[in-house]
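**Q** Just so you know, the sequences run in chain order A and B.
Our numbering puts the last residue of the first sequence at 294; the count rises by one with no breaks.
Our numbering puts the last residue of the second sequence at 532; the count rises by one with no breaks.
So that we are looking at the same thing, I have put the structure below in structure tokens.
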Amino acid sequence: MNAYLITIATLICINAIVACGLNVIVGFAGQISLGHAAFFGIGAYSAALLATKAGLSFWAALPLVVVITALIGLLLGLPSLRVKEDFLAITTIGINFIVEAIFLYIPFFGGALGIGGIPRIMLFGVRLKGLTFFLLCLFFLLLVLAFCWWFSRSWGGLACFALREEESAAASMGISPVRFKLLAFVIGTAMAGLGGALYAHYIRFISATDFSFPVSVLLLSIVVLGGMGTLWGPVVGAVILGALPEVFRPLVDYRFLFYMLLLLLMIRYQPAGLLGEGSMVHRVFSLLLPEGKK
Amino acid sequence: MLLEVKNMHIAYGDIRAVSGIDFSIEQGELVSIIGANGAGKTSILNSIMGIVPLKNGKIVFENEDITSLAAHQRARAGIRMVPERARVFPRLTVYENLMTGVYGLRKTINLDVQIAWLYDLFPILRERNDQPAETLSGGEQQQLAIARALISNPSLLLVDEVSMGLMPKLVDQVFDVLKQLNDQRGLTILIVEQNAIASLEISHRAYVLETGAIVHQGMASALLEDPKIKEVYLGTGA
């Protein structure tokens, strides 16, 4: 495989990990978030600072990065999840802008220069780059998918699904809305933190604009395109939205126009996403698979 | 006294839905609140459940003031509701819908026994076990909503407009089940209903609600015979 393809595949992998986290929040628990890039950024900045300032290795820092991101997710989720729908969308956009501004204006975070000189990840004495780094990302993506699969079958997952479908009915069944929305938010932001750490050690130079609002839009587009609440949706979405800009390089200036158009078209014609129930792909596969299996 | 509601006021912004009503339910009773559309019946049930906040007043359940508890805490204390139009979780299967009723109670109830009992009560649900709830008919969804509320062995069951949108034969069936639950298991039930005849026929006592206030109350059998009630609510008057 040539280096160019590996680069694209690696970035798709990282985006898919972060989008899986967003899928837990939006697809499983039904809570809109337009600020997921903030947590991607918090993960990347924590990893970068722990590596460059504290001198920790990627492996020593990773658990810390995930915990830090999830804790900030918990802290910001607590007030945010008290509002619903449009207000939640606006609140999460606000979070994105505030976090980006903090990275940009506080010298500790490198200011406009960002943070450079982030070391490569070492594994068994080998520097990971190119194909080996891609395989590491793939490994973490599979881990994240396995966790999502387990969570969707757990009691916590069932509570999130119930809240997504009918919040007041779920509450009158004894399911605490705050508790399980927060659980989804913490899981989702922890995955964003993991993606951020991988991103920081891959790009090795990060700055605030890498985690600005349009990135949140891209992440939401990935989830909506692939199918909210499905297991593989974020992966399919990340592959398509990661590959298309490369195929249509000359149209790069119009990328976000395209994302918006795509979001609108999906919501109008395939609201469940490519892999969602009732979608074209889903119907084709239901025809191929034996009765009763989906 | 299982449930005691004192001076209940409910308002949506400036619009007053319920203004200062008092009522109570004894252990083992089956009580109806009847009244026209918009009289405030659903608001009363929602505020007992904790979904709609009280503007003023007090709700006492099993001798404890539950006015400040959230809906899920009241559910765990033993109040369960069959909401208007069933409100089952459409994309979850019948079995998963039932499982949403046991949070916090998994250690105290025997799930297998409960499921077997509910499937005997509503045999159609056993057939539909693995189907998403949205594929069920209106009547089946209503049965699922009742089963979902019953799985936790509640001490008080609130039933909101269970007859709405059901064909008459199903309405009778559902009311028969409620009566049977009350007779055989001693389950305390509060029904709010527009279908006054059907609910009065199975109830011990009833309250008549008119624009947010209780205008009549008494034994259900007496209300069924009352000429005024007959004329206004039962549609059988002169």
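Where a beta carbon is used, it is the ideal one built from N, C-alpha and C, also for glycine.
Output, in chain order, the set of chain A residues within a Cβ distance shorter than 9 angstroms of L363(B).
**A** Those do not exist, as L363(B) stays about 11 angstroms from chain A at its closest Cβ, beyond 9 angstroms.
**Q** Once you ignore the five residues that flank G130(A) on each side, which residues in its own chain have a CB closer than 8 angstroms to its CB?
**A** Around G130(A): A3 and I6.
**Q** Please report the straight-line C-alpha distance between I304(A) and N340(B), rounded to a whole angstrom.
**A** Since the first residue of chain A shown is 1 and the last is 294, residue 304(A) is not available in this structure.
**Q** Under 8 angstroms, do L419(B) and A441(B) count as touching if we go by C-beta distance?
**A** It is a contact, given that the beta carbons lie within the stated cut-off.
**Q** Is the distance from the Cβ of L183(A) to the Cβ of C20(A) below 8 angstroms?
**A** No; because the gap between Cβ atoms is not below 8 angstroms, this pair is not in contact.
**Q** Inspect the beta-carbon positions of A192(A) and F40(A) and report whether they are closer than 8 angstroms.
**A** For A192(A) and F40(A), yes; Cβs fall inside 8 angstroms.
**Q** Using the beta-carbon count (16 or more within 10 Å), is P462(B) buried or exposed?
**A** The residue is exposed, with fewer than 16 neighbouring Cβ atoms inside 10 Å.
**Q** Could you tell me if A369(B) is buried or exposed, where buried requires 16 or more neighbouring beta carbons within 10 angstroms of its beta carbon?
**A** Buried is the call here.
**Q** Where do the N-terminal and C-terminal ends of the beta strand (DSSP E) with S300(B) fall, by residue?
**A** It is worth fixing the name first, because residue 300(B) is Lys in this sequence and not Ser. First-last of the beta strand (DSSP E) with K300(B): L297 to Y306.
**Q** Given that a residue counts as buried once 16 or more other Cβ atoms are within 10 Å of its Cβ, and exposed if not, what is P377(B)?
**A** It counts as buried.
**Q** With DSSP as the reference, label R310(B) as helix, strand or coil.
**A** In the structure shown, R310(B) sits in a strand (DSSP, three-state: E or B).
**Q** Please return the same chain residues whose Cβ sits closer than 6 angstroms to the Cβ of T92(A), not counting the five positions on each side in sequence.
**A** Excluding residues within five positions, the ones whose Cβ falls inside 6 angstroms are S33, L34 and G35.
**Q** Cβ closer than 8 angstroms: which chain A residues qualify as neighbours of R442(B)?
**A** Result: M173.
**Q** Specify whether the region 44 to 53 of chain A and the region 189 to 204 of chain A touch according to this definition: at least 3 beta carbon pairs, one from each stretch, less than 8 angstroms apart.
**A** A contact exists between the region 44 to 53 of chain A and the region 189 to 204 of chain A.
**Q** Please report the distance separating the alpha-carbon of G237(A) from that of L220(A).
**A** Roughly 10 angstroms separates the two Cα atoms.
**Q** Just list the residues that DSSP pairs L451(B) with in beta bridges.
**A** DSSP output for L451(B) lists R374(B) and I483(B) as bridge partner(s).
**Q** On a CA-only basis, which of S313(B), G314(B), Y389(B) and R422(B) is nearest A162(A)? Give me that one, please.
**A** Looking at the Cα atoms, Y389(B) is the closest of the given residues.
**Q** How about S172(A) and A365(B): do their beta carbons lie closer than 8 angstroms?
**A** Closer than 8 angstroms, so yes.
**Q** Who are L324(B)'s beta bridge partners in DSSP?
**A** BP columns for L324(B) point to I483(B).
**Q** To the nearest angstrom, how far is the alpha carbon of V396(B) from that of K181(A)?
**A** Using only the alpha carbons, I get a separation of about 18 angstroms.
**Q** Taking the alpha carbon of I345(B) as the reference point, which residue from Q511(B), F469(B), P448(B) and Y306(B) has its own alpha carbon closest?
**A** For I345(B), the nearest C-alpha among the options comes from Y306(B).
**Q** Can you tell me whether DSSP reads H510(B) as helix, strand or coil?
**A** Three-state DSSP puts H510(B) in a strand.
**Q** Does the Cβ of M295(B) have 16 or more other Cβ atoms within 10 Å, making it buried, or fewer, making it exposed?
**A** So M295(B) ends up on the exposed side.
**Q** If I'm right that A333(B) touches E504(B) with Cβ under 8 angstroms, what's the distance once you round it to whole angstroms?
**A** Their Cβ separation, rounded to whole angstroms, is 6 angstroms, which keeps A333(B) and E504(B) in contact under 8 angstroms.
**Q** Where does Q436(B) land, buried or exposed, given buried means 16+ other C-beta within 10 angstroms?
**A** Buried, because 16 or more other Cβ atoms sit within 10 Å of the Cβ of Q436(B).
**Q** To the nearest angstrom, report how far apart S313(B) and K352(B) are at their CA atoms.
**A** When rounded, the distance between both Cα atoms is 13 angstroms.
**Q** Does the Cβ of I338(B) have 16 or more other Cβ atoms within 10 Å, making it buried, or fewer, making it exposed?
**A** Buried.
**Q** Identify, in the order they occur along the chain, each residue of the same chain with its Cβ nearer than 6 angstroms to the Cβ of G196(A), setting aside the five sequence neighbours on each side.
**A** Correct list, in chain order: F40, G43 and A44.
**Q** May I have the straight-line CA-CA distance separating Q478(B) from V471(B), to the nearest angstrom?
**A** So the alpha carbons of these two residues sit roughly 10 angstroms apart.
**Q** For the candidate residues V18(A), A9(A) and T10(A), whose alpha-carbon lies nearest to that of P234(A)?
**A** The shortest C-alpha separation from P234(A) is found at V18(A).
**Q** In terms of DSSP beta bridges, what is N350(B) paired with?
**A** Its beta-bridge partners are H303(B).
**Q** Under 7 angstroms between beta-carbons, which chain A residues line up against Y306(B)? List them in chain order, please.
**A** Under the 7 angstroms cutoff, chain A gives no residues; its nearest Cβ is about 15 angstroms from Y306(B).
**Q** Using DSSP bridges, identify the partner residues of L123(A).
**A** L123(A) pairs with V126(A).
**Q** Using 10 angstroms around the beta-carbon of L297(B), count the other beta-carbons present and answer buried if the total reaches 16, otherwise exposed.
**A** With 16 or more other Cβ atoms within 10 Å, it is buried.
**Q** For G292(A), which residues of its own chain have a beta-carbon under 7 angstroms away from its beta-carbon, when the five flanking residues on both sides are left out?
**A** Any reading at G292(A) needs caution, since the residue's pLDDT is 42, under 50, leaving its predicted position unreliable; the model's value is listed next. Cβ within range, chain order: n/a, list empty.
**Q** Check each residue of the region 135 to 166 of chain A: if its Cβ is closer than 8 angstroms to any Cβ of chain B, include it; give the result in chain order.
**A** Listed by position, the residues of the region 135 to 166 of chain A near chain B (Cβ gap below 8 angstroms) are W155, L158, A159, F161, A162, E165 and E166.
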